[in-house]
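Asks: Its first residue numbered 224, the sequence shown is counted upward by one per residue in the numbering used here.
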Amino acid sequence: MKPSNSLFTDKKFWAYLIKFTAVFCLCYFGTLAVIGIAAPGGLHSTFVEKHLDYVSWIKDSLIWATGLILSVFHIATYTVPEHIIRFVNGNGVHIAMDCVGYGVYSFWIAFVAANKGRLLKKIIWIIAGLLGLWFINVIRITLYLTSLNRDWTLPFGIDHHTWFNIFAYLLIFALIFFYDRSFSGRNTHNKNKNSFPVQ
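1) Within a Cβ cutoff of 8 Å, which residues of the same chain sit near V278, ignoring the five residues on either side of it in sequence?
2) When you compare only the Cα positions, how much space is there between I332 and Y392?
3) Helix, strand or coil: how does DSSP classify F201 here?
4) Would you identify the three-state DSSP class for S340, choosing helix, strand or coil?
5) Looking at the secondary structure, which residues open and close the beta strand (DSSP E) in which H317 lies?
6) Do T365 and I318 come within 7 Å of each other at the CB atom, strictly closer than that value?
7) Got a sec, what are the start and stop residues for the alpha helix (DSSP H) I389 sits in?
8) With three or more beta-carbon pairs closer than 8 Å as the criterion, would you say the segment 347 to 356 touches the segment 379 to 398?
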């Protein structure tokens, strides 16, 4: 009797799981470390704060893009310190750490990094996925800021953080599907290339 195949004995699965977990933890907890070191007090590092604080760069980009989109609709905004964007003569939104989305970023990076594929292909897919997630976040912040100033209610009473997670993971699942499909054509081509006609 042949031994049954299962995830518990699949070396490829365990190798993938270990790589995924390692990369996810590196990205996620590494980001938390940067946040802690860049913040005043404790283990504060001026060098990290000035040159490696990519979380603040992401916050700034979210604020900039939100203001740009609203300006297209002739809605004036302005920013104040501590990463806050406001309507002129209106309410504002504070871009806190949990608004950045580093959890979903870490998940996507870990998925691609642990998966098959050439390095260049992985880099392209990682960047494309991160930009997509970033754009969803921009739309979320734009709509939420507008809702505060237009007295809109959020659909189904669900808060904007949950809505972001829903759409972010829908995008990730779609990207996973297309990433996997990107190998199907090549595999089919290789099979046809290695096959011989029967005479």
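Note that beta-carbon positions come from the ideal geometry of N, C-alpha and C, so glycine has one too.
Replies: In brief:
1) T254, V257, I258, A261, M320, V323 and Y325
2) Between the alpha carbons of I332 and Y392 lies a gap of roughly 13 Å.
3) Missing from the structure shown is residue 201; the chain here goes from 224 to 422 and no further.
4) Strictly speaking, residue 340 in this sequence is Gly, with Ser absent from that position. Of the three classes helix, strand and coil, the one that applies to G340 here is coil, per DSSP.
5) G315 to H317
6) no
7) Looking at the DSSP string, the run of the alpha helix (DSSP H) that includes I389 is H383 to R404.
8) yes
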